[in-house]
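Visitor: So the sequence shown is numbered by this note's numbering: it starts at 595 and just counts up by one.
Using N, Cα and C, we set each Cβ at its ideal position, and we do this for glycine too.
If you scroll down you'll find the structure; I have some questions about it.
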Amino acid sequence: SAYVDKIFHQLSHDEKEKAARASSYRYLVASSSTSPATQDLDQQQLQRNQHVKAMIERYVIVQQKLYKSKSPDAWEEAACANLRKTLEYREEKQVDAILQCFDEDKQLEEDGVHATIRQRLEDMFSDKIAVVRGYTMDGSAMSQNFPRNMDRFEIEYFIKQNIYLLERALACTERHTNGEKDKTVIFYDYNGYAMKNSPPPLFVKELLSDFRDHWPERLRHVFIVDSPFFFRAFWAIVKHFIDPITKELVQFITGEEQKKILREIVSEDQAAPYMFDGGKDGEETDIKAFLYETPFDHVYGEHLS
């Protein structure tokens, strides 16, 4: 759109490069590579510009959805400002390092930023709190979370672990659909959940604010499956932190009748048993294999096929 082009021309060369790396894991890998380029510079620049414009468009769409009554100039100004805040946020949170810390060449580092993030994330994931596993019928990778296994909470890595999951699911979607899709689906399996598994509401507030501000238009659905009655009290607090766009994506799914919705989205061979009766992807997750042996842009188990 004209708004996208106008914002694009306001960005510096450095901002465009950072935006392309933020928008596409494939581009991040290609631009970080030390091997000889397989594409000419014109082709690389064309791809970079496509990724930048896709990112800008997501910010513009959010402004249009939330502020229909405002003028297009206001959308443009806000979208541009928010995108720039995201580029700053990604540097502050070391997002590229979060994505790359399990790469083979980074595993050789025994200290430094990649080693620190890798050790902390591995420690968190060792509790089997979550995995990126399976694809929906339309090719979106599924981030599967198991709150019953969470009982250690520390704000910095609560955020970083969720960034790792979201970025990994987006990278899997991008590769699996060859860039045709750019969203992910998040599942929370609340079977076995107890009050001790509830993160502090302020942690959730910060996470949701970060996702709203820095990953707009990246979620297709958020499914909360088989949540116990007492979870509704926690939800009553948390839902006030959620923007209207994300709130529309959240669905509570309990019991086989409601799980018919999931049958229309996930095939039996990709579905975990908690998603619906007959879900076949129920094998135990080997977290070390997920983190160290599975490429970042592959879901768990994909490397074994």
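Going by CA-CA distance only, name the one from Lys659, Gly733, Asp776 and Arg712 that's closest to Tyr619.
Guide: The residue with the shortest Cα to Cα distance from Tyr619 is Asp776.
Visitor: Grab the span of the alpha helix (DSSP H) containing Asn676 for me, first residue to last.
Guide: Counting along the chain, the alpha helix (DSSP H) containing Asn676 begins and ends at Pro666 to Glu686.
Visitor: For Thr680, which residues from the same chain have a beta carbon less than 6 Å from its beta carbon, with the 5 sequence-adjacent residues on both sides left out?
Guide: Taken in chain order, the residues that qualify are His808.
Visitor: Should Asp891 go down as buried or exposed, given a rule of 16 or more other Cβ atoms within 10 Å for buried?
Guide: Asp891 is buried by the Cβ-count criterion.
Visitor: Could you spell out where the alpha helix (DSSP H) holding Met649 opens and where it closes?
Guide: That run of the alpha helix (DSSP H) goes Leu635 to Leu660.
Visitor: At 3 residues or longer, and completely inside the region 732-797: list those beta strand (DSSP E) runs for me, N to C.
Guide: If we require 3 residues or more, the beta strand (DSSP E) runs fully inside the region 732-797 come out as 735-739 and 778-783.
Visitor: Could you pull the DSSP bridge partners for Val726 from this structure?
Guide: DSSP lists Ser737 as partners of Val726.
Visitor: Measuring only between beta-carbons, confirm whether Ala673 sits less than 8 Å from chain C.
Guide: The structure shown contains no chain C; it is built from a single protein chain.
Visitor: Across the region 646-661 and the region 718-727, are there enough close Cβ pairs to call them in contact, namely three or more that are closer than 8 Å?
Guide: No: the two stretches stay apart, fewer than three of their Cβ pairs being nearer than 8 Å.
Visitor: If I'm right that Thr778 touches Ala735 with Cβ under 8 Å, what's the distance once you round it to whole angstroms?
Guide: At roughly 5 Å, the Cβ-Cβ gap stays under 8 Å, so Thr778 and Ala735 are in contact.
Visitor: Tell me whether the beta-carbon of Ser803 lies closer than 8 Å to the beta-carbon of Phe828.
Guide: Contact: no.
Visitor: What's the C-alpha gap between Arg727 and Gln738?
Guide: Cα-Cα distance, rounded: 7 Å.
Visitor: Name the DSSP bridge partner or partners of Val832?
Guide: Val832 is not bridged to any residue.
Visitor: So, using beta-carbon positions, are Ile881 and Glu800 closer together than 8 Å?
Guide: No, the pair does not count as a contact, with Cβ atoms beyond the cut-off.
Visitor: Have a look at the DSSP bridge pairing and note the partners of Val819.
Guide: In the DSSP output, where bridge partners are listed per residue, Val819 has Asp783 and Ile847.
Visitor: State buried or exposed for Glu862, treating a residue as buried only when at least 16 other CB atoms are found within 10 Å of its CB.
Guide: Flag for Glu862 reads exposed.
Visitor: If we call anything under 8 Å between Cβ atoms a contact, is Val844 one with Val816?
Guide: Yes, the pair counts as a contact, with Cβ atoms nearer than the cut-off.
Visitor: Name, in chain order, the residues that DSSP records as bridge partners for Leu813.
Guide: DSSP output for Leu813 lists Thr778 as bridge partner(s).
Visitor: Evaluate the contact criterion for the region 697-711 versus the region 864-877: three or more CB pairs, one atom per stretch, below 8 Å.
Guide: As far as the Cβ criterion goes, the region 697-711 does not touch the region 864-877, which means the pair count is below three.
Visitor: Between Tyr784 and the rest of its own chain, which residues show a CB-CB distance below 8 Å, the 5 nearest in sequence each way excluded?
Guide: Only Pro741, Arg742, Ile818, Val819, Asp820, Ser821, Pro822 and Phe825 meet the Cβ criterion.
Visitor: Could you check whether the region 598-616 touches the region 667-685, counting it as contact only if at least three pairs of C-beta atoms, one from each stretch, sit closer than 8 Å?
Guide: The answer is yes - the region 667-685 touches the region 598-616, with three or more Cβ pairs under 8 Å.
Visitor: Does DSSP classify His892 as helix, strand or coil?
Guide: Three-state result, His892: coil.
Visitor: Give me the Cα-Cα distance between Lys754 and Ile711, rounded to the nearest whole angstrom.
Guide: The straight-line gap from Cα to Cα measures roughly 9 Å.
Visitor: Does Ser617 come out as helix, strand or coil in the three-state DSSP assignment?
Guide: It is helical.
Visitor: Alpha carbon to alpha carbon, how far is Tyr886 from Gly895? Give it in angstroms, no decimals.
Guide: Using only the alpha carbons, I get a separation of about 12 Å.
Visitor: Met731 to Ala865, Cα distance in whole Å?
Guide: Between Met731 and Ala865, the C-alpha separation is close to 10 Å.
Visitor: If Tyr751 and Arg714 are in contact, beta carbons under 8 Å, what's the gap, nearest whole angstrom?
Guide: Yes, they are in contact, since the Cβ atoms of Tyr751 and Arg714 sit about 5 Å apart, within 8 Å.
Visitor: In angstroms, rounded to a whole number, what distance separates the CA positions of Ser665 and Ala596?
Guide: When rounded, the distance between both Cα atoms is 14 Å.
Visitor: Taking the alpha carbon of Arg814 as the point to measure from, which residue in Ile859, Lys687, Val623 and His607 has its own alpha carbon closest?
Guide: Considering only alpha carbons, the answer is Ile859.
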